[in-house]
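Undergrad: Note that the protein sequences, when read in sequence, are chains A and B. Quick note on UniProt numbering: the first sequence kicks off at 1 and runs consecutively. Quick note on UniProt numbering: the second sequence kicks off at 1 and runs consecutively. The structure that follows is given in the form of structure tokens.
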Amino acid sequence: MFDGIKKRVVCMWFPRLASDRVLRARPCDGPFILTLKTSNAERIYCLNTEAERRGLHRGMSFADARAFCPDLVSHPARPEQDARFLSVLRRWATRYCPWVGREGADGLVLDVSGSTHLWDGEAAMLDDMRAHAERAGLNIRLGCANTRGAAWALAHYSNDPVDGALEQLPAAALRLDEKVISGLQRLGLRTIGDISTTARAPLARRFGSDLLLRLDQMLGVQPEPITPEAEPPHFGVRMTMSDPIGLLDDVMGVTARLLDPLCKKLKAHEMGARKLSLTLRRVDQGSQQVELRLAAAMRDPLRILPLFERGLGEVDAGFGIDQMRLEATLVEPLMMEQIGATTPRNTPDQLNDLITRIGTRIGLENVQRFLPADSHIPERGFTIAPAAYSTPEGPWVSLRPRPLLLFRPEAIAGVGSTPPERFRWRRMSLTTARVTGPERITPEWWLQDESWHTGLRDYWKVETRQGRRLWLFYTPQNPGWFVQGEFA
Amino acid sequence: MPATFHNAFPLRSGRVHEVSGPASVSFAAIAGATVRSKGLWVREGWQSEQLNPIALSHFMTPADILIAQTRDQIDSLAVAEEALKDGSVGFVIIEITRPLDLREGRRLQLAAKAGRTTGLCLIPEGMGSNAAETRWNATPLFDPQRKDSTLMRWEINKNKSGTIGAWNVRWDQETRRLHVVPPAGK
Numbered sequence: 001m002f003d004g005i006k007k008r009v010v011c012m013w014f015p016r017l018a019s020d021r022v023l024r025a026r027p028c029d030g031p032f033i034l035t036l037k038t039s040n041a042e043r044i045y046c047l048n049t050e051a052e053r054r055g056l057h058r059g060m061s062f063a064d065a066r067a068f069c070p071d072l073v074s075h076p077a078r079p080e081q082d083a084r085f086l087s088v089l090r091r092w093a094t095r096y097c098p099w100v101g102r103e104g105a106d107g108l109v110l111d112v113s114g115s116t117h118l119w120d121g122e123a124a125m126l127d128d129m130r131a132h133a134e135r136a137g138l139n140i141r142l143g144c145a146n147t148r149g150a151a152w153a154l155a156h157y158s159n160d161p162v163d164g165a166l167e168q169l170p171a172a173a174l175r176l177d178e179k180v181i182s183g184l185q186r187l188g189l190r191t192i193g194d195i196s197t198t199a200r201a202p203l204a205r206r207f208g209s210d211l212l213l214r215l216d217q218m219l220g221v222q223p224e225p226i227t228p229e230a231e232p233p234h235f236g237v238r239m240t241m242s243d244p245i246g247l248l249d250d251v252m253g254v255t256a257r258l259l260d261p262l263c264k265k266l267k268a269h270e271m272g273a274r275k276l277s278l279t280l281r282r283v284d285q286g287s288q289q290v291e292l293r294l295a296a297a298m299r300d301p302l303r304i305l306p307l308f309e310r311g312l313g314e315v316d317a318g319f320g321i322d323q324m325r326l327e328a329t330l331v332e333p334l335m336m337e338q339i340g341a342t343t344p345r346n347t348p349d350q351l352n353d354l355i356t357r358i359g360t361r362i363g364l365e366n367v368q369r370f371l372p373a374d375s376h377i378p379e380r381g382f383t384i385a386p387a388a389y390s391t392p393e394g395p396w397v398s399l400r401p402r403p404l405l406l407f408r409p410e411a412i413a414g415v416g417s418t419p420p421e422r423f424r425w426r427r428m429s430l431t432t433a434r435v436t437g438p439e440r441i442t443p444e445w446w447l448q449d450e451s452w453h454t455g456l457r458d459y460w461k462v463e464t465r466q467g468r469r470l471w472l473f474y475t476p477q478n479p480g481w482f483v484q485g486e487f488a
Numbered sequence: 001m002p003a004t005f006h007n008a009f010p011l012r013s014g015r016v017h018e019v020s021g022p023a024s025v026s027f028a029a030i031a032g033a034t035v036r037s038k039g040l041w042v043r044e045g046w047q048s049e050q051l052n053p054i055a056l057s058h059f060m061t062p063a064d065i066l067i068a069q070t071r072d073q074i075d076s077l078a079v080a081e082e083a084l085k086d087g088s089v090g091f092v093i094i095e096i097t098r099p100l101d102l103r104e105g106r107r108l109q110l111a112a113k114a115g116r117t118t119g120l121c122l123i124p125e126g127m128g129s130n131a132a133e134t135r136w137n138a139t140p141l142f143d144p145q146r147k148d149s150t151l152m153r154w155e156i157n158k159n160k161s162g163t164i165g166a167w168n169v170r171w172d173q174e175t176r177r178l179h180v181v182p183p184a185g186k
């Protein structure tokens with residue numbers, strides 16, 4: 001087996017990642033803490049050295065902390081932003097080696113085998129890491145060893161970062177549960193040296209295989225992989241022109257040239273663009289954006305290009321455009337499709353293109369479709385949703401006659417609980433010829449609805465001698481007659 | 001008389017037609033149903049009257065209808081022209097609020113011809129345009145015989161390729177068919 005190069009692993013630990021992230025933006029000399037609401041109380045999530053010196057610690061309640069130091073500066077913690085910051089650091093760490101993975105929520109692990117000579121040796125590389133982190137305002141602790149477990153232990157528990165002695169480190173350096181560690185301490189096994197010299201079988205029986213696995217991983221008997229994270233693909237292309245352009249045809253030409261590689265990349269990742277943004281930078285450094293929202297995910301340059309025409313026509317080129325940048329700001333998975341021998345005329349693609357084209361004029365959310373909804377209230381028996389973001393649904397059931405047109409209730413004169421013999425509506429005098437009803441509908445009390453504040457409604461279908469077939473209702477709790485719809 | 005009705009009624013595709021009168025929405029729903037295809041209904045967003053898809057399901061599948069809510073009539077016409085020309089919807093219904101001029105009417109006709117689609121403008125009384133292929137007036141009628149009837153009187157008062165006439169019609173919701181009813185007393 002080839003054994004020329006020993007594996008070398010560096011563990012970076014940012015002990016105050018969360019507070020350092022906030023303090024980078026707004027430095028603060030005094031005690032500073034981040035608070036997070038856990039188990040129903042504001043507790044300290046992360047703190048700076050000054051706060052620690054004053055006797056605060058993680059997990060302490062915020063009220064106590066304020067009592068300890070009145071001049072405490074606090075800030076709510078944002079763990080999701082910390083995670084994003086760590087992924088930025090992960091990208092930064094690829095300058096040392098290509099093989100970088102995350103280690104928990106506040107650490108990175110780098111497989112630097114074979115890349116140390118580029119930095120004139122390990123010590124110089126670690127110094128460089130430290131210097132960069134310090135300049136960025138980050139607390140960092142490093143560990144460098146032959147295995148991932150050992151590097152982690154050195155970073156967290158040792159003062160000697162490079163190949164420090166492992167035997168003297170506490171049992172907690174094995175990355176174990178709190179329970180196992182206290183169990184080990186109860187047996188008098190306080191350091192890693194103690195554990196490694198104890199008979200293995202009784203340990204495995206007592207604490208399970210996890211303890212021995214961690215020990216073997218630290219000592220290099222068992223391998224432990226480092227998973228490098230893949231960069232998420234970036235769907236953006238740009239082109240810089242040597243001479244500024246301004247004619248619509250030229251700009252469309254450049255857009256076509258940008259679309260080609262973008263769509264190829266989308267195809268390689270089996271993705272389709274849903275939203276495209278084209279940024280045009282002018283010679284005077286001003287920039288304009290053309291947004292294109294598509295009704296369905298697509299990646300066919302020939303279909304996308306004409307959709308840009310309207311947006312580009314409105315751009316003011318000024319003294320000329322010298323850089324264009326096209327980015328797919330919203331992408332969706334779009335599988336490859338088999339192309340048939342015959343293409344039908346009315347494909348869903350064609351309809352989606354139409355929706356997109358109409359949407360560029362009146363706004364994509366104004367092209368709508370009906371969806372059924374579960375309610376007895378006539379105006380809530382259906383919903384209207386943007387067609388681009390919904391799929392047609394069914395079935396549509398109507399148990400009772402419903403009018404084709406619905407409008408806001410219009411009051412008419414009438415008394416009593418049966419429809420009036422003759423009434424005036426929209427300046428027409430109408431005579432009742434036949435009535436059907438009543439159908440009682442009660443308001444949905446769990447929803448606040450202003451128009452139903454008059455309470456129960458008794459709906460009647462009223463056919464008039466004049467031909468109009470109207471939907472009237474009577475409100476018995478608040479006597480009055482209204483017209484709300486017209487039948488076909 | 002029914003023979004001439006069938007010459008006129010399933011509205012000729014590739015053309016834009018007009019309908020007015022109190023039952024124009026019913027006329028549009030029936031005309032859309034006879035095309036048996038997806039359709040687009042263009043209306044201005046400020047209108048408070050609303051189409052009820054539950055009742056519309058007696059004429060066609062509401063899932064096949066797309067609605068475009070526009071700001072003003074200029075937008076409505078632009079959207080309608082785009083949809084007529086495209087041909088991926090079988091019919092386009094446009095609610096008109098001011099009279100079309102000759103240019104607008106002609107452009108809609110050309111778009112419908114290019115896309116081989118049917119266009120139908122719902123016009124207020126007396127706002128017809130000269131470019132329309134046919135112009136109808138639809139009024140509901142009281143039907144003494146049947147309950148839940150959809151009896152209507154359809155008059156065609158302009159027809160570029162045929163004669164004018166008037167018929168009483170009724171939509172059968174179960175079979176989704178249009179019946180021409182002989183006038184009472186004959």
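Just so it is clear, CB atoms sit at the ideal spot from N, CA and C, and this is done for glycine as well. Please read all numbers here as calculations on a predicted model, not as lab measurements.
Could you tell me which chain B residues have their CB closer than 9 angstroms to the CB of A:Leu351, listed as they occur along the chain?
TA: Here residue 351 of chain A corresponds to residue number 351 of the first sequence, with the count starting at 1. In chain order: Lys38, Leu66, Asp86, Ser88 and Val89.
Undergrad: Could you name the residues of the same chain whose beta carbon sits closer than 8 angstroms to that of B:Gly39, not counting the 5 residues immediately before and after it, in chain order?
TA: For the purposes of this step, residue 39 of chain B is taken as residue 39 along the second sequence, with counting starting at 1. The answer, listed in chain order, is Gly32, Met60, Asp64, Ile65, Leu66, Val89, Gly90, Phe91, Val92 and Ile93.
Undergrad: Which class does A:Met271 belong to by DSSP, given the choice of helix, strand or coil?
TA: Residue 271 of chain A sits at position 271 when you count from the first residue of the first sequence. A:Met271 sits in a strand when the DSSP states are folded into three classes.
Undergrad: For A:Lys461, does the count of other Cβ atoms within 10 angstroms reach 16, so buried, or fall short, so exposed?
TA: Position 461 of the first sequence holds residue 461 of chain A. Buried, since its Cβ has 16 or more Cβ neighbours within 10 Å.
Undergrad: Please report the straight-line C-alpha distance between B:Leu141 and A:Arg457, rounded to a whole angstrom.
TA: Reading the second sequence from its first residue, position 141 is the one you call residue 141 of chain B. Reading the first sequence from its first residue, position 457 is the one you call residue 457 of chain A. Going by the C-alpha atoms only, they are around 27 angstroms apart.
Undergrad: Against B:Gly9, what residues of chain A qualify as contacts under a CB-to-CB distance less than 8 angstroms, listed in chain order?
TA: Walking along the second sequence from the start, residue 9 of chain B turns up at place 9. One detail in the question is off: residue 9 of chain B reads as Phe in this sequence, not Gly. Here the premise fails: no neighbours, minimum Cβ distance about 16 angstroms.
Undergrad: Which chain A residues are close to B:Ala50, counting only those with a beta carbon under 8 angstroms from its beta carbon?
TA: By 1-based counting over the second sequence, the position of residue 50 of chain B is 50. As written in the sequence, residue 50 of chain B is Gln, which differs from the Ala given in the question. The contacting residues are Glu379, Leu405, Leu406 and Phe407.
Undergrad: Confirm, please, whether the CB-CB distance from A:Gly59 to A:Ile44 is below 8 angstroms.
TA: Position 44 of the first sequence, counting from 1, holds the residue named residue 44 of chain A. Position 59 of the first sequence, counting from 1, holds the residue named residue 59 of chain A. Yes.
Undergrad: So, residue 490 of chain A versus A:Leu176, is the Cβ gap smaller than 8 angstroms?
TA: Look at the range of chain A in this structure, 1 to 488, and you will see that residue 490 of chain A is not part of it.
Undergrad: Can you tell me the Cα-Cα spacing of A:Ala273 and A:Ala388, whole angstroms?
TA: Position 273 of the first sequence, counted from the start, is the residue given in the question as residue 273 of chain A. Position 388 of the first sequence, counted from the start, is the residue given in the question as residue 388 of chain A. Cα to Cα, the separation comes out at about 13 angstroms.
Undergrad: Report the partner residues of A:Gln288 according to the DSSP bridge assignment.
TA: Residue numbering aside, residue 288 of chain A sits at position 288 when the first sequence is read from its first letter. A:Gln288 is bridged to A:Leu280.
Undergrad: Is the beta carbon of B:Glu133 sitting closer than 8 angstroms to the one on B:Arg12?
TA: As a working mapping, residue 133 of chain B is identified with position 133 in the second sequence. As a working mapping, residue 12 of chain B is identified with position 12 in the second sequence. Cβ atoms of B:Glu133 and B:Arg12: closer than 8 angstroms.
Undergrad: For A:Glu314, decide whether its Cβ has a neighbour in chain B, counting only Cβ atoms nearer than 8 angstroms.
TA: As a first step, residue 314 of chain A must be located in the first sequence, where it is residue number 314. It does not: the Cβ of A:Glu314 has no partner Cβ on chain B nearer than 8 angstroms.
Undergrad: Mind checking which residues open and close the beta strand (DSSP E) that includes A:Cys45?
TA: Here residue 45 of chain A refers to the residue found at position 45 of the first sequence. The sequence given here places Tyr at residue 45 of chain A; Cys does not occur at that position. First-last of the beta strand (DSSP E) with A:Tyr45: Ala41 to Leu47.
Undergrad: Below 8 angstroms on the Cβ atoms is my contact criterion, and I expect A:Ala93 with A:Leu110 to pass it. Report the Cβ-Cβ distance as a whole number of Å.
TA: Taking the first sequence and counting its residues from 1, one reaches residue 93 of chain A at position 93. Taking the first sequence and counting its residues from 1, one reaches residue 110 of chain A at position 110. A:Ala93 to A:Leu110, Cβ: 6 angstroms. Contact.
Undergrad: At what residues does the alpha helix (DSSP H) containing A:Ala201 begin and finish?
TA: Walking along the first sequence from the start, residue 201 of chain A turns up at place 201. Looking at the DSSP string, the run of the alpha helix (DSSP H) that includes A:Ala201 is Arg200 to Phe207.
Undergrad: Would A:Trp396 pass as an interface residue toward chain B - the criterion being a Cβ-Cβ separation below 8 angstroms?
TA: Working through the first sequence from its first residue, we reach residue 396 of chain A at position 396. At least one chain B Cβ lies under 8 angstroms of A:Trp396.
Undergrad: Which first and last residues belong to the beta strand (DSSP E) in which A:Ile192 is found?
TA: Taking the first sequence and counting its residues from 1, the one referred to as residue 192 of chain A is at position 192. Looking at the DSSP string, A:Ile192 is not in any beta strand (DSSP E); the run it does join, the alpha helix (DSSP H), is Ile192 to Thr197.
Undergrad: Buried or exposed for A:Arg26, going by 16 or more other Cβ atoms inside 10 Å?
TA: In the first sequence, counting from the first residue as 1, residue 26 of chain A sits at position 26. The residue in question, A:Arg26, is exposed, as its Cβ has fewer than 16 Cβ neighbours within 10 Å.
Undergrad: Run through the DSSP bridge pairs and tell me what A:Ile181 is partnered with.
TA: Here residue 181 of chain A is taken as the residue at index 181 of the first sequence, counted from 1. Answer by DSSP bridge pairing: none, since A:Ile181 is not bridged.
Undergrad: Using a Cβ distance threshold of 8 angstroms, determine whether the region 40-54 of chain B contacts the region 70-86 of chain B, with at least three qualifying pairs required.
TA: yes
Undergrad: What do you reckon, are the CB atoms on residue 543 of chain A and A:Gly246 nearer than 8 angstroms?
TA: Here chain A comprises residues numbered 1 to 488, so residue 543 of chain A is not present and cannot be evaluated.
Undergrad: When the Cα atoms are used, what is the spatial distance from A:Ala51 to A:Ile321?
TA: In the first sequence, the residue the question calls residue 51 of chain A occupies position 51. In the first sequence, the residue the question calls residue 321 of chain A occupies position 321. Approximately 53 angstroms between the Cα atoms of the pair.
Undergrad: Against chain A, which members of the region 136-159 of chain B pass a CB distance test of less than 9 angstroms?
TA: Thr139, Pro140, Leu141, Phe142, Asp143, Pro144, Lys147, Asp148, Ser149, Thr150, Leu151, Met152 and Arg153
Undergrad: Among the residues of its own chain, which have a CB less than 6 angstroms from the CB of A:Glu421, if the five just before and after it don't count?
TA: Looking up residue 421 of chain A in the first sequence gives position 421. Thr432, listed in sequence order.
Undergrad: Taking 6 angstroms as the limit between beta carbons, can you name the residues of its chain near residue 254 of chain B, skipping five residues before and five after?
TA: There is no way to answer for residue 254 of chain B, as the model of chain B reaches only from 1 to 186.
Undergrad: In whole angstroms, give me the CA-to-CA distance for B:Arg106 and A:Ile355.
TA: By 1-based counting over the second sequence, the position of residue 106 of chain B is 106. By 1-based counting over the first sequence, the position of residue 355 of chain A is 355. A straight-line Cα-Cα distance of about 24 angstroms links B:Arg106 and A:Ile355.
Undergrad: Can you give the beta carbon distance from A:Leu142 to A:Ala153, rounded, assuming they're within the 8 angstroms contact cut?
TA: Along the first sequence, one-based indexing puts residue 142 of chain A at 142. Along the first sequence, one-based indexing puts residue 153 of chain A at 153. Between the beta-carbon of A:Leu142 and that of A:Ala153 there is about 12 angstroms, and that puts the pair past the 8 angstroms contact cut.
Undergrad: I want to see whether chain B comes within less than 8 angstroms of A:Ala297, judged by CB atoms only; does it?
TA: Here residue 297 of chain A is taken as the residue at index 297 of the first sequence, counted from 1. Answer no: the Cβ-Cβ gap between A:Ala297 and chain B never drops below 8 angstroms.
Undergrad: What is the DSSP secondary structure of A:Arg345, reduced to helix, strand or coil?
TA: Your numbering for residue 345 of chain A matches position 345 in the first sequence. Legend: pLDDT at A:Arg345 = 49, less than 50; position of this residue unreliable, value from coordinates given subsequently. Reduced to three states, the DSSP call for A:Arg345 is coil.
Undergrad: Look at A:Gly313 and A:Glu229 and say whether their C-beta atoms are less than 8 angstroms apart.
TA: For the purposes of this step, residue 313 of chain A is taken as residue 313 along the first sequence, with counting starting at 1. For the purposes of this step, residue 229 of chain A is taken as residue 229 along the first sequence, with counting starting at 1. Not closer than 8 angstroms, so no.
Undergrad: For the ligand ADP, is there any heavy atom lying closer than 7 angstroms to the beta carbon of A:Asp120?
TA: Because no ligand of any kind appears in the structure shown, any question about the ligand ADP cannot be addressed here.
Undergrad: Evaluate A:Arg345 with the Cβ neighbour count: other Cβ atoms within 10 Å of its Cβ, from every protein chain shown; 16 or more gives buried, anything less gives exposed.
TA: Within the first sequence, residue 345 of chain A is the residue found at index 345, counting from 1. Interpretation of A:Arg345 is limited by its pLDDT of 49, a score under 50 that renders its predicted location unreliable; the figure taken from the coordinates is listed afterwards. Its Cβ having fewer than 16 others within 10 Å, A:Arg345 is exposed.
Undergrad: A:Gly311 CB to nearest chain B CB: under 8 angstroms?
TA: Within the first sequence, numbered from 1, the residue matching residue 311 of chain A stands at position 311. Not one chain B Cβ lies under 8 angstroms of A:Gly311.
Undergrad: Candidates B:Gln73, B:Val25, B:Leu108 and B:Asn159: which alpha carbon is nearest B:Lys85's?
TA: Position 85 of the second sequence holds residue 85 of chain B. The alpha carbon of B:Lys85 has as its nearest neighbour, out of B:Gln73, B:Val25, B:Leu108 and B:Asn159, the alpha carbon of B:Leu108.
Undergrad: I want to verify the contact list: residues of chain B whose CB lies under 9 angstroms from the CB of A:Pro419, in sequence order.
TA: Walking along the first sequence from the start, residue 419 of chain A turns up at place 419. Here the premise fails: no neighbours, minimum Cβ distance about 15 angstroms.
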